[in-house]
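Using my numbering, read the sequence shown as starting at 4 and increasing by one per residue.
Remarks on the structure that follows.
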Amino acid sequence: MENHNDLRQLISVYHDGEATAAESKIVEQHIQECAECKKYLQELQKLSSSLKEWNAENLSLDLEQKINKRFLDLKSKEESHMKSNISVVTIGATGVALILFAVVLHNNMLQPAGHQQIAKLNESIHSGIKAAQGSRTEVSQLAQNKKEDVIARELAKVKSSVSGLTAERGKDQLALKSATDSIGDKFSPGNQAIVAGKGATIQYEPYYLSTNYDLKDQMNFEVAGKNSDVERRIISGAPPLAAQKMVMGKQATQYAREYWGGGGVDELTVNYPQYYYEQPLNTEEYGRTLENNFFDAKADPLSTFSIDVDTASYSNVRRFLTQGQLPPSDAVRIEEMINYFTYDYPQPSWGQPFSITMEAAPCPWNPQNNLVLIGLQGKNLQHDRLPASNLVFLIDVSGSMAQANKLPLVQESFRMLVNSLRSEDRVSIVVYAGSAGLVLDSTSGDQKSLILSAIDRLQAGGSTAGGQGIQLAYQVAQRSFIRGGNNRVILATDGDFNVGISSDNDLVNLIEEKRNQGVFLTVLGFGMGNYKDSKMEKLADKGNGNYAYIDTNQEAHKVMVQELGTMLFPIAKDVKIQVEFNPAHVKSYRLVGYENRVLAKEDFNDDTKDAGELGAGHSVTAFYEIVPASLYQPFVDDTRKVDPLKYQEVKVKSNAELMTVKLRYKDPNGSVSRLLSRTLIPNQVGWSYVSNNFKFASAVAEFGLLLKNSPHRGSANYHNATQRAQGAIGNDPWGYRGEFLRLVDRAASLSGNNYYIPPEPVPFYQGSQNPILFKGGR
């Protein structure tokens, strides 16, 4: 008798294209003779075909809860038939294998990733079947008809569950709900969200949050055959970190028996999707970036980039350090850390939207090089002179937002913003969980109690249909569009989208389309653990908006109150900077940070290319590290060099200018860019002439290089960064610069590296022992 189990494993290998020629021949011959195995191969092929139709997506904790909830709700009808040890071992293993098959099947239907995922699926199927079969001796002890009976019934239940989940996902992808639809049944079981128009209220039943509960409090237990007065415990939100394993099946039944005092519990039905599940240590996502290298000023004299007004990286880094750990290197974006702080640059003149400041001095971490600062300062606007705003608060109320540092902090942040609204401003509120819904239609800013009431009643629960929420938010913004005003969607989320439009490309296409129609996007990030930094940065960048991370009430006040004009009201858009270096004075150069903002040199004059926005009163700072032309040491990456040209030669003009900075920008509602230009000329000065702007910003840059463990950090050290920042704190009314010093000290204690590494003196110019400093512009 042939072993069909082994043959099916071989068929799976054959299906994956990994079988040898001899194995392939065996399989092909066998499936011609065995209808059962032939059908097995056809099912694998059909499954693979189905998987390829789905885009690759990550399965989030929210969706994982939803899937496992389905299986927890399946009542076991065969427990009484599995009394013997052999039956329990064999049929129980079969049930586990079938459930494993269904979970993996549904998982892959939702988030396939090509042949590797299919291979994993096949491997899981083989392992499950092998476990279910057990030893040949044990299987032979079962009556064949009974075994087939039980397996058929188990398989039918599993298929029914998977079909239900698939159908539910299909429903989630239907057209967006109208303004009168509710997502209450998605994010708060049994609750109903009522659309609030003028004079209306938001009605929710209580949705209790708890973080200090024990194992027995994690489920809503219903005992079959018991009276309805049995105590029911309802919990919500993500399980505590102490909870490491999902409780289900016989183990959950046993907990119920212990809790209610002994036996008599026949069945256990878990009616609520919040349960213990395997908690990954970290599912946060950060975009991979490679630091900018040095470029030869003769071969590549132009450097072009878009400005960046985001500040999320600094507050996220602060969160890591406060928790006692160094941040991942990809979470450190030096330009965002520098631009977290305001600088004392002069206000613009001649009716221009911003001023340009340039300074240069020896590079603190590579003293043989120069460090050049380029600073932009946006013009300040009085609050009462700001244009009217049409704001749509798009709030993630999915289950992953139930933690105290997520939705509750979101609510507090928006309360601060609401208290700054004027009567001419208008606010709508859209929420999303398993689907999206309009909670508050466009409401005047002077109706603060109504807006605050809507915010206060939001509760978290369900999966995360972020794509649907963004679609609906843009529809609401378009409907209430204010011509000449500030039309903006403000998204508050942890970025964990998993239902509906959830792929980055689809979301980006939608956001770019709406951006061109005059509706911009600001993104506010919250929370930890499943935080999707890379996704949120990309969305804000494409939406002509900014991106901030809010980890404390103080940060919420900074973003929503102190920098309200900066965040909401652009004074210039598509701001690009192009620097031309003079090879007579510059051997090579490197842009510090801005890795994901670098543009091709041709993009500078191309008005169709998107770039960053500058808000009212906002300052932007960038640094270039440059190697003087007279320095012996080559700093250019030799792998990028080409042979000298045979038919032409690059001639360097004799010119005193170090470099020229050009800027292009558009008015907020304009389509044609304007050009500004400044040059920097070397003048011999001393360190005492370098501004506090330069000193403090360079200290932040040095700190960032250390956190990234940058190969360009040279002799950078925490001691030097601290000393330079301490002498440049200046006026610090909110204590942000003082906090920076504490973070540097914290990082130094966590790094395990030497706190102070004295830099070796290196001659700055050939034949000269004294450094030459540069300052000023014309």
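From the three backbone atoms N, C-alpha and C, an ideal C-beta is built for every residue, glycine too.
Can the beta-carbon of residue i be found less than 7 Å from the beta-carbon of residue j?
{"i": "residue 382", "j": "residue 349", "result": "no"}
{"i": "residue 335", "j": "residue 710", "result": "yes"}
{"i": "residue 545", "j": "residue 578", "result": "no"}
{"i": "residue 434", "j": "residue 480", "result": "no"}
{"i": "residue 574", "j": "residue 617", "result": "yes"}
{"i": "residue 431", "j": "residue 444", "result": "yes"}
{"i": "residue 1", "j": "residue 701", "result": "This structure does not reach residue 1, given that the chain is present from 4 up to 781, and the question cannot be answered."}
{"i": "residue 446", "j": "residue 458", "result": "no"}
{"i": "residue 693", "j": "residue 721", "result": "no"}
{"i": "residue 410", "j": "residue 404", "result": "yes"}
{"i": "residue 392", "j": "residue 489", "result": "yes"}
{"i": "residue 673", "j": "residue 309", "result": "no"}
{"i": "residue 592", "j": "residue 298", "result": "yes"}
{"i": "residue 517", "j": "residue 576", "result": "no"}
{"i": "residue 584", "j": "residue 365", "result": "no"}
{"i": "residue 290", "j": "residue 537", "result": "yes"}
{"i": "residue 540", "j": "residue 292", "result": "no"}
{"i": "residue 294", "j": "residue 713", "result": "yes"}
{"i": "residue 698", "j": "residue 727", "result": "yes"}
{"i": "residue 749", "j": "residue 384", "result": "no"}
{"i": "residue 380", "j": "residue 622", "result": "yes"}
{"i": "residue 327", "j": "residue 406", "result": "no"}
{"i": "residue 678", "j": "residue 361", "result": "no"}
{"i": "residue 704", "j": "residue 341", "result": "yes"}
Which same chain residues, not among the five before or five after residue i, have their C-beta less than 6 Å away from its C-beta?
{"i": "residue 48", "result": "none"}
{"i": "residue 552", "result": "315, 318, 319, 528"}
{"i": "residue 695", "result": "731, 733"}
{"i": "residue 582", "result": "306, 662, 664"}
{"i": "residue 653", "result": "301"}
{"i": "residue 9", "result": "none"}
{"i": "residue 202", "result": "Because residue 202 sits at a pLDDT of 36, beneath the cut-off of 50, its placement in the model cannot be relied upon, and the point is left open."}
{"i": "residue 451", "result": "421"}
{"i": "residue 192", "result": "Any reading at residue 192 must be qualified, since the residue scores a pLDDT of 29, below 50, and its modelled position is unreliable; the value itself is stated next. Closer than 6 Å at the Cβ level, and outside the excluded window around residue 192, lies no residue."}
{"i": "residue 484", "result": "490"}
{"i": "residue 7", "result": "none"}
{"i": "residue 397", "result": "433, 472, 476, 492, 494"}
{"i": "residue 343", "result": "314, 317"}
From the DSSP secondary-structure annotation, give me the bridge partner or partners of residue i.
{"i": "residue 364", "result": "374"}
{"i": "residue 607", "result": "None; residue 607 has no bridge partner."}
{"i": "residue 397", "result": "433, 494"}
{"i": "residue 662", "result": "584, 683"}
{"i": "residue 298", "result": "592"}
{"i": "residue 678", "result": "667"}
{"i": "residue 526", "result": "494, 550"}
{"i": "residue 601", "result": "308"}
{"i": "residue 380", "result": "358, 622"}
{"i": "residue 755", "result": "DSSP, once it has assigned bridges, lists no residue as partnering residue 755."}
{"i": "residue 446", "result": "430"}
{"i": "residue 615", "result": "578"}
{"i": "residue 489", "result": "392"}
Leaving aside the five residues before and after residue i along the sequence, list all residues of the same chain whose C-beta is less than 7 Å from its C-beta, in chain order.
{"i": "residue 234", "result": "Low confidence applies to residue 234: its pLDDT is 31, below 50, so where it sits in the model is not reliable, and the reading given next is rough at best. None."}
{"i": "residue 534", "result": "287, 497, 498, 528"}
{"i": "residue 17", "result": "26, 27, 30"}
{"i": "residue 41", "result": "34"}
{"i": "residue 461", "result": "398, 400, 410, 414, 434"}
{"i": "residue 543", "result": "313, 524, 525, 526, 549, 550"}
{"i": "residue 716", "result": "368, 708, 709"}
{"i": "residue 331", "result": "289"}
{"i": "residue 556", "result": "415"}
{"i": "residue 735", "result": "741"}
Given 6 Å as the limit, tell me if residue i has its C-beta closer than that to any heavy atom belonging to the ligand PLP.
{"i": "residue 517", "result": "Judged by which ligands are present, the structure shown has none, so any question about the ligand PLP falls away."}
Within its chain, find whatever has a CB closer than 8 Å to the CB of residue i; leave out the 5 residues flanking it on each side and keep chain order.
{"i": "residue 589", "result": "300, 629, 630, 631, 632, 661, 662"}
{"i": "residue 559", "result": "412, 415, 416, 419, 553"}
{"i": "residue 739", "result": "343, 344, 561"}
{"i": "residue 651", "result": "none"}
Self-check item: Touching by the beta-carbon criterion (3+ pairs, under 8 Å), the segment 490-499 and the segment 402-420
Solution: yes
Quiz item: Below 8 Å, can you find three or more Cβ-Cβ pairs linking the segment 614-630 to the segment 373-380?
Solution: yes
Quiz item: How do the segment 568-578 and the segment 325-341 stand: do at least 3 beta-carbon pairs fall below 8 Å, yes or no?
Solution: no
Exercise. Just list the beta strand (DSSP E) runs in the segment 530-589, keeping only unbroken ones of 3 residues or longer that don't cross its boundaries, in chain order.
Key: 550-552, 573-584
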